[in-house]
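Asks: Each number in the working numbering corresponds to the 1-based position in the sequence shown with 842 added. Structure in structure tokens, see below.
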Amino acid sequence: MLVLAGPFLATSRPETAIIGALFVAVGVYGTVESLAAAVLAYLDA
């Protein structure tokens, strides 16, 4: 998702930049969720 955000954030149109920001938010959320799952799996082991 983070890779998809680049072209959207590079534009001058605010509507398109907002779409890019949403892609970034989803990408960061997915990364944090994956890291949290890995930490919980490590702690449970």
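Idealized CB from N, CA, C, for every residue including glycine.
Quick one: is alanine 879 buried, meaning 16 or more other Cβ sit within 10 Å of its Cβ, or exposed?
Replies: Stepping through the sequence shown from its first residue, residue 879 is reached at position 37. Burial call: exposed.
Asks: Quick check on DSSP: helix, strand or coil for serine 854?
Replies: By one-based count along the sequence shown, residue 854 stands at place 12. Coil, per DSSP.
Asks: Quick check on alanine 847: buried or exposed, where buried means 16 or more other Cβ atoms within 10 Å of its Cβ?
Replies: For the purposes of this step, residue 847 is taken as the residue at position 5 of the sequence shown. Under this definition alanine 847 is a buried residue.
Asks: Quick check: the Cα distance between glycine 872 and glutamate 857, rounded to an integer number of angstroms?
Replies: Working through the sequence shown from its first residue, we reach residue 872 at position 30. Working through the sequence shown from its first residue, we reach residue 857 at position 15. Their Cα atoms are separated by approximately 23 Å.
Asks: What residues in its chain sit with their C-beta under 6 Å from that of phenylalanine 850, if we drop five residues either side in the sequence?
Replies: Looking up residue 850 in the sequence shown gives position 8. Taken in chain order, the residues that qualify are Thr858, Ile861, Gly862.
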